[in-house]
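Right, one structure below, let's go through it.
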Amino acid sequence: GQQLNQSPQSMFIQEGEDVSMNCTSSSIFNTWLWYKQDPGEGPVLLIALYKAGELTSNGRLTAQFGITRKDSFLNISASIPSDVGIYFCAGQATNFGNEKLTFGTGTRLTIIP
Amino acid sequence: GAVVSQHPSWVICKSGTSVKIECRSLDFQATTMFWYRQFPKQSLMLMATSNEGSKATYEQGVEKDKFLINHASLTLSTLTVTSAHPEDSSFYICSARDQARTDTQYFGPGTRLTVL
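Residue numbers (this note's numbering), protein chains in the order written: chain A, 666 to 778; chain B, 323 to 438.
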């Protein structure tokens, strides 16, 4: 099936650093979602974006819905140890929750002591 | 709110046996649930969309006779892996649509299936 391209694939940063990752698609999506997955767990929703150009924050996390509707960005400020995990973007063709999600390839975040 | 549970959290079975995995929405009703499969170090791949009271819609390449889905109530969907083989070993994750509130999909904690 289709997957969205995420970059970088992995990141190694020090605690306190800011993090940026992005997600791109060859097709348009009308909803972008960002999830975090810890090992052996299901993904947890971080931020949902519903309009092109929308910028939404959730604590230290900020995500943007690209103007072209083919990309999205996630920023994490002042990283802390609990930010470690895999971050997935997901796109949805509509704004309706019964529409299936297409997931990105994931960005693995590691914090170096 | 918006809690989704899965049972069991892990299961080990012999090749050729069938395994049933349950997905429940605990504090909301879900007319639509989704089943995903995730192999190690890979992303989630949608297997099928489960609609309450009707047949599931399977993604291309997913065998509907091997992965039986039943969505008999607004809070429960089950995935049965029939005649499991080692290549079916994976992490199976469900999600449920919270239509009444956020109309967003919330994920369960996953079920680790190991077929010997």
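For every residue, glycine included, the Cβ atom is placed at its ideal position computed from N, Cα and C.
Model, not experiment: these values are computed from the prediction.
Between B:Q328 and B:I343, the beta carbon gap of about 7 Å places them in contact (Cβ cut-off 8 Å). The secondary-structure analysis by DSSP pairs B:H329 across a beta bridge with B:E344.
Below 8 Å, too few C-beta pairs join the segment 331-342 of chain B and the segment 367-385 of chain B to call them touching: fewer than three. Leaving aside the five residues that flank A:V749 on each side, the residues in its chain whose CB is nearer than 7 Å to its CB run, in chain order, L774, T775 and I776. The three-state reading of DSSP puts B:D420 in strand, counting E and B together. A distance of 9 Å or more separates the beta carbons of B:Y380 and B:S417. With contacts defined by Cβ atoms closer than 9 Å, A:L714 and A:T696 form a contacting pair.
Between A:L698 and A:G771, the CB-CB gap reaches or exceeds 9 Å.
Taking CB atoms only, A:G707 has a neighbour in chain B less than 9 Å away. Burial check for B:L401: the Cβ neighbour count within 10 Å reaches 16 or more, so the residue is buried. For A:K765, a Cβ of chain B is located within less than 9 Å of the residue's own Cβ.
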